[in-house]
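**Student:**
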Amino acid sequence: MTIELQVVSDSFNRKNLRFEHVTNNIANAGTVGFKAESLFFEVGQATSAGEAITTYEYTPQVRIDFTEGCLERTGNPLDLAIEGPGFFTVETSDGVVYTRKGNFTVNGRGEVVTQDGNPVMGDSGPIVIKGSDVEVEPDGMVTVDGAEAGRLKIVGFRNLEALERKTNGCFRDPGDAGAEPPGSTAVRSGFLEQSNVRVINEMIEMIDIHRSLECYQKIIQTLSDQDKMSTGRIGRLI
Amino acid sequence: MIRSLWTAATGMEAQQIEQDVIANNLANVNTVGFKKSRADFQDLMYQVFAKAGSEMSDGSLLPVGFEIGMGVRPMATQRLFSQGDYQQTGNPFDWAIEGDGFFQLDDNGETVYTRAGNFKVSRDGYLCDTAGLQLTPEVSIPEGTVVFSLDSGGTWSALDEVGTVLSSGRIELARFLNPAGLVGIGRNLYEKTEGSGEPTTGSPGEEGFGTVTQNYLEMSNVNVVDEMVKMIVGQRAYEINSKAIQTSDSMLQIINNLKR
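Heads up: the protein sequence lines correspond to chains F and S, in order. Taking this note's numbering, the leading residue of the first sequence gets 2, the next gets one more, and so forth. Taking this note's numbering, the leading residue of the second sequence gets 667, the next gets one more, and so forth.
(1) By a C-beta neighbour count over all protein chains shown, 10 Å radius and 16 as the cutoff for buried, is F:Lys36 buried or exposed?
(2) Restricting to Cα atoms, I'd like to know which of F:Asn104, F:Leu72, F:Gly70 is closest to S:Asp706.
(3) Just to confirm, is the Cβ distance from F:Glu162 to S:Pro729 under 8 Å?
(4) If you run the structure through DSSP and keep just helix, strand and coil, what is S:Lys786?
(5) DSSP three-state label for F:Gln46, please.
(6) Run through the DSSP bridge pairs and tell me what F:Val113 is partnered with.
(7) I need the straight-line Cα distance from F:Asp228 to F:Gln218, nearest angstrom please.
(8) Report the rounded CA-to-CA distance for S:Val849 versus S:Leu816, giving the unit in angstroms.
(9) I'd like to know if the segment 736-748 of chain S and the segment 197-209 of chain F are in contact, where contact means that at least 3 CB-CB pairs between them fall below 8 Å.
(10) Any beta carbon of chain S sitting closer than 8 Å to that of F:Gly103?
(11) State the start and end residues of the unbroken alpha helix (DSSP H) segment that holds S:Ser815.
(12) With distances taken from CA atoms, which of S:Gly863, S:Ser703, S:Leu793 is nearest S:Gly783?
(13) Measure the alpha-carbon distance for F:Gly111 versus F:Lys16 and round it to whole angstroms.
(14) I'd like to know whether the C-beta of S:Val778 is nearer than 8 Å to at least one C-beta of chain F.
(15) Should the segment 864-877 of chain S be regarded as contacting the segment 762-775 of chain S, the criterion being three or more beta carbon pairs within less than 8 Å?
(16) So which of F:Ala82, F:Lys154, F:Lys131, F:Val156 has the shortest CA-CA distance to F:Thr144?
(17) Which two residues bound the contiguous beta strand (DSSP E) that contains S:Gly749?
(18) Return the chain-ordered ranges of every beta strand (DSSP E) run that is complete within the segment 192-236 of chain F and spans a minimum of 3 residues.
(19) Which residues in chain S have a C-beta closer than 8 Å to the C-beta of F:Gly132? List them in chain order.
(20) Please name the residues in the segment 857-869 of chain S whose beta-carbon is closer than 7 Å to at least one beta-carbon of chain F, in chain order.
(21) Beta-carbon of S:Gly735 versus every beta-carbon of chain F: anything under 8 Å?
(22) What are the boundary residues of the alpha helix (DSSP H) that includes S:Val687?
(23) So what does F:Arg101 bridge to, in DSSP terms?
(24) Which residues in the same chain as S:Glu809 place their Cβ atom closer than 8 Å to its Cβ, once the five residues preceding and following it in sequence are excluded?
(25) Residues of the segment 741-753 of chain S in Cβ contact with chain F at a cutoff of 8 Å, in chain order, please.
(26) Identify the residues that DSSP records as bridge partners of F:Cys71: which are they?
(27) Any idea if S:Leu626 is buried or exposed, counting beta-carbon neighbours within 10 angstroms, 16 or more meaning buried?
(28) Let me see if you follow: with CB-CB separation under 8 Å, is F:Glu165 close to chain S or not?
(29) Using the Cβ count rule (16 or more neighbours within 10 Å means buried), how would you classify S:Phe700?
(30) Can you pull the DSSP bridge partners for S:Arg704?
(31) Measuring CA to CA, which of S:Val813, S:Thr697, S:Ile921 is closest to F:Ile220?
(32) Between S:Ile837, S:Ala716, S:Arg704, S:Ile851, which lies nearest to S:Ser869 when the distance is taken from Cα to Cα?
(33) What separation, rounded to the nearest whole angstrom, lies between the Cα atoms of F:Glu215 and S:Ser908?
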């Protein structure tokens, strides 16, 4: 009896964890450059207890959805979006990170930086803008008042799944993501890549989780009723 | 469970701030020289339960990690200094900057910056903004001035009725490396910060400075259609976050009802 209850309550907890991912996706449905994530469970070894019940080992894994979000036109020359695969390279205090969140600005020294102030890398160090008329070509070349200021370093990855998620739409390469020059990409100036969260899917997932929990509740209540009956009748002769 | 309640709450809070920014933009749709803002959001930290590459119980390596995000937080409001529309007014003291640059005003010895060019003549005969802050370098309008002219390069002259030049000069504009780093102090004024860098001053039309146009005003750069669309998106996002909270609540209720 206790094993059955355990199985149901494990399922209960798994649905709960999924729900936490759903809420995080929904909370970031309006965050520029956000990549949705989904939780799934890899079914591992089966262990048999007694005759009827087989329990499995579940390993939770988070898969990040790297599909492109749609582009929103802003008209701001330092709002950059990447069409096709690839990431901007950003230098932070704990190493190089990669992002598709391109709402860049400049700091007091004229360097192109992310909104939290980390410099965006070009092929040869930070890109410094001194002037007013900034243009970014599709190949990532930044020109200021007609003069070239540097080319944005765009990096692609062979194995996107290996990327580690950092905050603020950034990802870190733990070493086995396989950085490589990106395929066919184009940098679009004056556009921002929106969050790729699909709200409908999240809504449906939410309904699914909710109803599943109701179902588990009924199972647990039934099991508990059975327990009550058996404990109540033990030792009763008639 | 409790985590998702708070996560969804951060989502609602973020959308609330988005609406606050939009409301301020819309409120200033008719403010001369107003520059719109936009809220920037960032996903919060992730609670990591298992790192990718860590060992599982059967000895194999975990191909992908397991982490839970904690929602969203507003990070910055960025001011967008795109050009506003022009409106012809026919007033010789209404000036618009076409291109880069700010007018400089003297606020008790400190220089503040503005794009609003609706100047007035003060009691002692100098040009000032609506609040009385004097334009620097000063523009004097002597008594008896009938015609005041300003060319696109910023050279101005005040003439009397027979065309004698009473006073003349050239205005200066200030430019910033990073205008988005300026801090708005209200009354259409901006103050420099470390983020904006030190201003460079110069004459209109030279070295990347914009030109000035007399008899025109630069209106607000708020685009009502854009703001409306953002408002709709924000409202719906707010709604779905509230649904997530309702669902969390209802799930908690289910858990509570496990034991009858």
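Even glycine gets a Cβ: it sits at the ideal position worked out from N, Cα and C.
**Tutor:** Straight from the coordinates:
(1) buried
(2) Of all alpha-carbon atoms in F:Asn104, F:Leu72, F:Gly70, the one lying nearest the alpha-carbon of S:Asp706 is that of F:Asn104.
(3) yes
(4) strand
(5) Of the three classes helix, strand and coil, the one that applies to F:Gln46 here is strand, per DSSP.
(6) F:Val107
(7) 15 Å
(8) Between the alpha carbons of S:Val849 and S:Leu816 lies a distance of about 29 Å.
(9) Segments in contact, no.
(10) no
(11) No alpha helix (DSSP H) holds S:Ser815; the beta strand (DSSP E) holding it covers 813-816.
(12) S:Leu793
(13) Near 48 Å, if we compare the C-alpha coordinates of F:Lys16 and F:Gly111.
(14) no
(15) yes
(16) The residue with the shortest Cα to Cα distance from F:Thr144 is F:Lys131.
(17) Gly is not the amino acid found at residue 749 of chain S; the sequence shown has Gln there. Where S:Gln749 is concerned, there is no enclosing beta strand (DSSP E), given that its DSSP letter is neither H nor E.
(18) The segment 192-236 of chain F contains these whole beta strand (DSSP E) runs: 192-194.
(19) Within 8 Å Cβ-Cβ: Gly874.
(20) Glu860, Gly861, Ser862, Gly863
(21) yes
(22) 668-693
(23) Beta-bridge pairing links F:Arg101 to no other residue.
(24) In chain order, Gly791 place their CB closer than 8 Å to the CB of S:Glu809, counting only its own chain and leaving out the 5 sequence neighbours on each side.
(25) Met741, Ala742, Gln744, Leu746, Ser748
(26) BP columns for F:Cys71 are empty, so no partner.
(27) This structure gives no information on residue 626 of chain S, because the portion of chain S shown stretches from 667 to 926.
(28) yes
(29) buried
(30) S:Gln744
(31) S:Ile921
(32) S:Ile837
(33) 20 Å
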